[in-house]
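Take a look at the structure set out below.
Residue numbers (the numbering used here): -4 to 78.
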């Protein structure tokens, strides 16, 4: 049994949006944790939900990673158009 292709589109039903956000957020945190463990890297993820609530994941610490990132000059900026 193979993977089904998922259509990427904005979810309009609030309940479905919240469930999908929760699942994707926990999945992203799990993948980041695995990457930290396997490759010995430091990762910081900051996510703002549709209700403007902030979620963060940091290994080791979001603030220290963010400070180190911002102190670099120049640093590459990635967004959806880069992919």
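Backbone N, C-alpha and C define an ideal beta-carbon position, used for all residues, glycine too.
Under 8 Å between C-beta atoms of residue i and residue j
i	j	result
residue 57	residue 41	yes
residue 27	residue 52	yes
residue 29	residue 54	no
N-terminal and C-terminal residue of the beta strand (DSSP E) that residue i is part of
i	result
residue 79	Outside the displayed span of the chain (-4 to 78) sits residue 79, for which this structure offers no information.
Exposure label - residue i; buried when at least 16 CB within 10 Å
i	result
residue 39	buried
Residues sharing a beta bridge with residue i, DSSP
i	result
residue 43	49
residue 38	54
Whole-angstrom C-beta distance between residue j and residue i, which should lie under 8 Å
i	j	result
residue 50	residue 44	7 Å
residue 12	residue 3	No, residue 12 and residue 3 are not in contact; Cβ-Cβ is about 14 Å, not under 8 Å.
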